[in-house]
Each structure stands twice: as structure tokens, then as C-alpha cells.
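Down below is the structure, laid out as C-alpha cells.
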Amino acid sequence: MNTDQSVVRLSVSNPKSTRAILYFGGNAEDVSLSLPEYARMISGVAIYMVHYRGYGGSTGSPSEAGLRHDALAIYRHLNDKHSDILVMGRSLGTSLAIGVAAQFEPKGLLLITPFDSIQAIAQRVAPFLPIRLLLSDPYRSIDLVSDIQCPTLVLAASDDEIIPKENTLRLVKKFPPEIATLQVIPETDHNSISSSTLYWSSTCRFIENVFVTP
Numbered sequence: 002m003n004t005d006q007s008v009v010r011l012s013v014s015n016p017k018s019t020r021a022i023l024y025f026g027g028n029a030e031d032v033s034l035s036l037p038e039y040a041r042m043i044s045g046v047a048i049y050m051v052h053y054r055g056y057g058g059s060t061g062s063p064s065e066a067g068l069r070h071d072a073l074a075i076y077r078h079l080n081d082k083h084s085d086i087l088v089m090g091r092s093l094g095t096s097l098a099i100g101v102a103a104q105f106e107p108k109g110l111l112l113i114t115p116f117d118s119i120q121a122i123a124q125r126v127a128p129f130l131p132i133r134l135l136l137s138d139p140y141r142s143i144d145l146v147s148d149i150q151c152p153t154l155v156l157a158a159s160d161d162e163i164i165p166k167e168n169t170l171r172l173v174k175k176f177p178p179e180i181a182t183l184q185v186i187p188e189t190d191h192n193s194i195s196s197s198t199l200y201w202s203s204t205c206r207f208i209e210n211v212f213v214t215p
């Protein structure tokens with residue numbers, strides 16, 4: 002679809018359903034490969050997976066500002082087609098999903114291995130560097146979550162080697178009271194979390210509950 006700044010490719014399943022999931026993947030995730038499993042596990046809803054600008058056939062150059070622009074444009078487009086939308090993000094994509102949920106009012110928000118900001122994670126790795134000056138795309142999710150009012154499930158990996166648990170907890174604590182629920186998936190890391198049966202049962206249960214709630 003055309004977002005006015007770029008042409009963004011979407012991988013789509015079951016587009017005629019009245020209910021939809023908008024999915025923002027992780028860094029370097031090929032969402033066209035992720036779609037079949039999600040479509041098999043989550044039936045009865047439309048699923049839209051975003052190929053970020055500059056990747057997977059989408060035009061434009063990737064930047065935080067550009068990706069956020071595209072995310073909002075895609076949500077507006079889908080909101081005209083579907084009665085209920087759940088926004089879902091993984092890793093880097095959680096920041097885009099949070100930005101959408103903070104500006105609009107989706108039916109629900111599902112975050113997989115989210116972080117407070119790329120800036121904060123980088124500062125932990127290299128505390129001696131002027132990260133704020135060096136990092137052009139800080140992805141400060143923590144500044145946006147206070148505006149979110151929809152039910153939110155946060156799934157974290159017990160042994161995440163990319164996102165420290167402190168960065169996820171700091172983000173969760175910034176949500177309004179009783180909005181976000183944190184669940185840690187045991188014996189998983191940043192990439193293997195979606196291979197867990199508990200991941201899928203928790204994901205499917207949350208989606209089902211969100212869409213049956215008036």
C-alpha cells in the first residue's frame with residue numbers, strides 16, 4: 002500500500018474477516034515466512050504483516066520517523082476495512098506497535114520481547130559512549146506507553162540475550178494501572194520464544210479474549 006512516503010508491502014491472510022491483526026516484526030524478520038504459522042495458529046481473523054520500507058519489496062529508506070509514519074498510515078487504512086484491530090509487535094516492531102496504540106485505540110496490544118528504548122539498551126552495553134549523540138533512531142517506547150488504554154499483553158523470554166529484563170520491566174511499569182500484563186515464557190531466548198507452546202497458548206488466549214470483549 003502507498004503511505005505517501007513509500008510503497009509498503011504487506012503479507013496478508015484472510016483479508017475478508019471483520020477482525021484483524023496488524024503485525025510489526027523484529028529486525029531482519031522475514032514476515033512472509035512467519036505468516037503461515039500465525040495463520041494456522043490464529044484462525045478466523047485477518048492478519049497483516051508489514052515489510053518495512055527498504056526491505057521485502059517495500060520502497061523507501063528505513064528510519065524511525067519513516068517507519069512510524071508508515072505504521073500509522075497502515076493502521077488508518079485497515080481501520081476503514083475492519084471493525085476491530087489488534088496490534089502486535091515483536092522486538093523492534095514493539096516500538097511501532099506501541100506508537101500506533103498510543104495514537105489510536107485498537108482493540109488490544111500484544112508485545113513480544115519489548116524494550117524501553119534502543120538508547121537505554123545501547124547505553125547498558127557501552128556506558129562510556131555518548132549514546133544520545135551517536136544514536137539517530139532511539140525508539141523511545143517508554144515515552145509513549147502512558148497514553149495506551151487498550152488491554153495489553155507483554156510476553157518476555159526468560160533468557161533473552163538481546164533485551165535485558167530490566168528494560169522490559171521499566172517499560173511495563175510506565176503503562177497506566179491495570180492496562181499491561183507481563184508474562185515470562187520460561188526456557189526461551191530472544192529468538193526461540195515463538196517456538197514455545199506456552200507462547201502460542203498465551204497469544205491465542207489473549208487474542209480470543211480481546212475479540213470477544215464488547
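Under my numbering, think of the first position of the sequence shown as 2, with each following residue one higher. Built from N, CA and C at the ideal position, the CB exists for glycine as well.
DSSP-derived helix/strand/coil call for residue i
i: phenylalanine 212; result: helix
i: arginine 54; result: coil
i: leucine 130; result: Per-residue confidence for leucine 130 stands at a pLDDT of 45, beneath the threshold of 50, marking its modelled position as unreliable; the derived number appears in the next sentence. In the structure shown, leucine 130 sits in coil (DSSP, three-state: anything other than H, G, I, E or B).
i: arginine 10; result: coil
i: aspartate 148; result: helix
i: aspartate 71; result: helix
i: alanine 47; result: strand
i: alanine 123; result: helix
i: threonine 182; result: strand
i: methionine 2; result: coil
i: isoleucine 164; result: coil
i: tyrosine 140; result: coil
Spatial neighbours of residue i in its chain, beta-carbon cut-off 8 Å, leaving aside the 5 residues before and after
i: valine 32; result: Ser12, Tyr24, Gly26, Met50, Val51, His52, Gly57
Rounded separation between residue i and residue j - CA only
i: cysteine 151; j: glycine 109; result: 5 Å
i: leucine 183; j: phenylalanine 176; result: 11 Å
i: leucine 154; j: phenylalanine 207; result: 7 Å
i: tyrosine 140; j: asparagine 192; result: 20 Å
i: glycine 90; j: serine 96; result: 7 Å
i: valine 8; j: glutamate 209; result: 32 Å
i: serine 14; j: methionine 42; result: 12 Å
i: lysine 166; j: serine 18; result: 36 Å
i: arginine 77; j: asparagine 3; result: 12 Å
i: glutamate 30; j: glycine 45; result: 24 Å
Contacting residues, own chain, Cβ-Cβ under 7 Å from residue i (five flanking each side not counted)
i: aspartate 190; result: Ala158, Asp160, Asp161, Glu162
### Query
Should the region 112 to 123 be regarded as contacting the region 161 to 171, the criterion being three or more beta carbon pairs within less than 8 Å?
yes
### Task
Evaluate contact between the region 91 to 102 and the region 66 to 76, counting only Cβ atoms and requiring at least three cross-stretch pairs below 8 Å.
yes
### Message
Please give the ranges of any beta strand (DSSP E) in the region 93 to 117, keeping only runs that are unbroken, at least 3 residues long and fully inside the region.
### Response
109 to 113
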